[in-house]
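According to the numbering used here, the sequence shown is numbered sequentially starting from 155.
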Amino acid sequence: MTRAVIEQRKREAIALVRKGGLSAKIGLAFLKQHAA
């Protein structure tokens, strides 16, 4: 993945975390995996 794609995914993951619930868990897992 390119840097730009990773940045976009991070923004999406942060949005999921803000939304809360199960989405937040998925978002946090992604952020941890990519050491955000």
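C-beta atoms are modelled at their ideal positions from N, C-alpha and C, and glycine is treated no differently.
Asked	Found
Can you find the residues in the same chain that come closer than 8 Å, C-beta to C-beta, to L194, ignoring five residues on each side of it along the sequence?	For residue 194 there is no data in the structure shown, the boundaries of the chain being 155 and 190.
Can you tell me whether G174 is helix, strand or coil according to DSSP?	coil
Ordered along the chain, which non-local residues of its own chain (more than five positions away) have a Cβ less than 6 Å from that of K179?	none
Looking only at its own chain, which residues have a Cβ that is under 6 Å from the Cβ of F184, when we skip the five neighbours before and after it?	A167
For L170, which residues in the same chain have their Cβ closer than 7 Å to its Cβ, ignoring the five residues on either side in sequence?	S177, A178, I180, G181
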